[in-house]
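Here the structure comes first, spelled out in structure tokens, and everything after it is commentary.
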Amino acid sequence: MVKNKKAIIILIAIMAILPIFIKSKVVLNAIVLLLIFATLGEAWNIITGFAGQTSFGHAAYFGIGAYTSAVLYFHYEISPLIGMVLGAIIAAIIGVVTSYPTFRLKGHYFAIATLAIAEVIKQLFISWRYVEGATGISIPILPRSATFMERIIYLQFNEKVPWVYISLFLFAVVVFICDYLENSKMGYYLKAIRESHEAAESIGINTTNYKLYAMIVSSAISALAGSIYAQYILYIDPFMMFSLEVSMKIVLLTVLGGIGNIFGPIIGAAIFIPLSEFTRMKLGGSGTGIDLMIYGALIVLISVFQPKGIIGIVESIRNRSTKKKGGEGEVEALTRN
Amino acid sequence: MKLKPLLEIKNITMKFGSLIANEDVSFNIHENEIVSLIGPNGAGKTTLFNCITGFYKPFSGKTIYLGKDITNLPPHRICKLGITRTFQIVKTLNEMTVKENVMTGAFLTTRNRKEAEESAEEILNITGLYKKKDVLGANLTIADRKRVEIARALATKPRILMLDECMAGLNQTEIKEVMNLILQLKDQGLSLLIVEHIMEAIMPISDNVVVLNAGRKIAEGKPEDVVNNEEVIKAYLGVKYHAKSKKS
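Protein sequences appear in the order of chains A and B.
Quick note on my numbering: the first sequence kicks off at 1 and runs consecutively.
Quick note on my numbering: the second sequence kicks off at 1 and runs consecutively.
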């Protein structure tokens, strides 16, 4: 546990230093997106990696977060900082309301339900006048003369560097929350639910409640990431926020990095986001999808050879080097039969 | 025994469609008593287990624990009240180590990780799993899985521990170990309800034996009485053999 904390702090410190050396806007942009998607991956990891409830619809919460802060700012000039919090609360409520009935579904059926729910929400937003429907919302831009304070309150910056720190801050908070969760009673309970629903019930775990708690945390974090994303891009529409592609990106990068591990999402994002930014840049419009093709190939390789992702590869290498002294229990276990 | 029973099982009937798995089964478990539930395959032992622990909702009948009706409570509530079960088909938490398996159980009575760790280690010592505490559940042998199953249940600090065939598939030494463990638990004040097929293991340690056949209770009493009961011999060996043994 302490080891994990150290690794997290080192990781965040490295990320914090990066903008000092990197001046390229392209790279900084990739870092911001990387951190936002890593945050989403962490959120998804709670409900799927820990609790074992596969969600293919996390774009829904991401979009709800983005829309809440954007709509409040667009219509009423409410600070996105407040909008973010409200967005997280609304996403958590929607997460609970939609999950409560669907948690009864087992395995793949739950995954299908999440997919469907995200699609329903997308269709609602497309035809909803109040949120500008399919046209999407262009967030009103502050005048050039805006003071620094105003820029913070309305979360708008012309530079990329503040965005690196804002998304890094969110990511750091989320990683620490996940680390805390993993090592707490809730983390143990969620993993027990993932491993065996019945065993969990038999040792006194209220499986429905704990899955709902996981959903609340997961959807609220996704919504926060959504608000940050909206303020960063300054334009949102239902097709890009609620798309299956976003949901899939979240799933794939976490699986690549290592599902159920707090370092999984950041490792996956660090590979995936630069890859997709690079292909998009080099190949332009015709290049969209190539990143997913490369990525798909990676996923196939990973799931065939090491289902635990890149983290699993690292762990198995580490285990191999310590096995010589620590493998006694295993030998005994084998000889018993 | 004049004491008030800890757990009363009253006229439990369980049906799956037209199949009657349990019919009008009643018996009591007293404080600090080992009750074993025996019967041929398909007698409805595991079904009864599931009814008592809330995994099934019985068609009719009641389970009363400390004077409180717990019949339709969900399994986790029943566990919180002090009745914890294990599974015949072990449900080890595969991606967690032995220690983590047991800690998960220990978290029922505490929020604190340290406390959970301590009580888990204590239980690992009792159950003889301490050496394997860092082995992943998936890498355990069946004997160890059964032990983890018991340890995890014990970690919830139950008053009644319900073991479903915790000795099946174990060799002689391992069975001895489990028997000793059960007696040790009884000494600590636990009550146990045990489903078991291995008679030579279960008979010497039971205080009371309940025999089920085809869903019905056909006998109940001290182990030595039950083994001589005609109904029980019929159920186990068949009517024909029973008649033969009488002639000779």
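Where a beta carbon is used, it is the ideal one built from N, C-alpha and C, also for glycine.
Distance between Ile198 of chain B and Ile259 of chain A, taken at the CA atoms: about 42 Å. Taking CB atoms only, Asn94 of chain B has a neighbour in chain A less than 8 Å away.
Pairing Lys25 of chain A with Ile313 of chain A, the inter-Cα distance amounts to about 33 Å. Rounded to whole angstroms, Lys114 of chain B and Leu142 of chain A show a C-alpha spacing of 51 Å. Non-local C-beta neighbours of Ala88 of chain A in its own chain, meaning closer than 6 Å and more than five positions away in sequence, comprise Ala220, Ala223 and Leu224, ordered along the chain.
DSSP places Gly221 of chain B in the strand class (E or B) of the three-state scheme.
Around the beta carbon of Ser127 of chain A, fewer than 16 other beta carbons lie within 10 angstroms, which makes this residue exposed. Ile89 of chain B is bridged by DSSP to nothing; it lacks a bridge partner. For Val25 of chain B and Ser119 of chain B, the gap between their C-alpha atoms comes out near 36 Å.
Under the three-state reduction of DSSP, Arg144 of chain A is assigned to coil, being neither helix nor strand. DSSP places Ser60 of chain B in the uninterrupted beta strand (DSSP E) bounded by Ser60 to Tyr65.
Neighbourhood of Thr84 of chain B in chain A, by CB distance below 7 Å: Ser202 and Ile203, in chain order. Note on geometry: alpha-carbon atoms of Phe50 of chain A and Asp164 of chain B lie some 28 Å from one another. Where Ala21 of chain B is concerned, there is no enclosing alpha helix (DSSP H), although the beta strand (DSSP E) around it starts and stops at Leu19 to Ile29. Against chain B, a Cβ distance below 7 Å from Asn206 of chain A picks out His76.
A direct Cα-to-Cα measurement between Ser60 of chain B and Cys51 of chain B gives close to 10 Å. Note that the stretch 125-138 of chain B does not touch the stretch 3-21 of chain B; fewer than 3 beta-carbon pairs, one per stretch, sit closer than 8 Å. Closer than 8 Å to the CB of Tyr188 of chain A there is at least one CB belonging to chain B. Spatial neighbours of Leu170 of chain B in its own chain (CB-CB distance under 8 Å, excluding positions within 5 residues in sequence) are listed in chain order as Ile142, Ala143, Lys146 and Val178. With fewer than three CB-CB distances shorter than 8 Å, the stretch 105-113 of chain A does not count as touching the stretch 68-83 of chain A.
Taking a Cβ-Cβ threshold of 7 Å, the residues of chain B close to Ser196 of chain A are Lys91 and Leu93, in chain order. When the beta-carbon positions are compared, Ala116 of chain B and Met167 of chain B stay at least 8 Å from each other.
By the beta-carbon neighbour count (other beta carbons within 10 angstroms, threshold 16), Ile31 of chain A is buried.
Boundaries of the beta strand (DSSP E) around Asn208 of chain B: Asn208 to Asn213. The beta carbon of Gly215 of chain B sits closer than 6 Å to the beta carbons of Ile20, Ala21, Asn22, Glu23 and Gly44 from its chain, once the five residues preceding and following it are set aside; these are given in chain order. Judged by DSSP secondary structure, Leu163 of chain B falls outside any alpha helix (DSSP H) and instead within the beta strand (DSSP E) spanning Ile160 to Asp164. Listed along chain B are Arg113, each with a C-beta nearer than 8 Å to that of Asn183 of chain A. Residues of chain A whose Cβ lies closer than 8 Å to the Cβ of Phe107 of chain B are, in chain order, Lys185, Tyr188 and Tyr189.
Contact annotation for Ala153 of chain B against chain A: Ser202 and Ile203 [CB-CB distance below 9 Å, chain order]. Annotation: Ala134 of chain A to Phe125 of chain A spans about 7 Å, alpha carbon to alpha carbon. Nearest CB-CB separation between Met103 of chain B and chain A: below the 8 Å threshold. Counting only the Cα atoms, Thr109 of chain B lies some 19 Å from Asn125 of chain B. For Cys79 of chain B, at least one C-beta of chain A is nearer than 8 Å to its own C-beta.
Of all alpha-carbon atoms in A:Leu256, A:Tyr61 and A:Ile166, the one lying nearest the alpha-carbon of Phe242 of chain A is that of A:Tyr61. Those residues of the stretch 156-179 of chain A placed with their C-beta closer than 7 Å to a C-beta in chain B do not exist. The continuous stretches of beta strand (DSSP E) do not include Met248 of chain A, which lies in the alpha helix (DSSP H) extending over residues Leu244 to Gly257.
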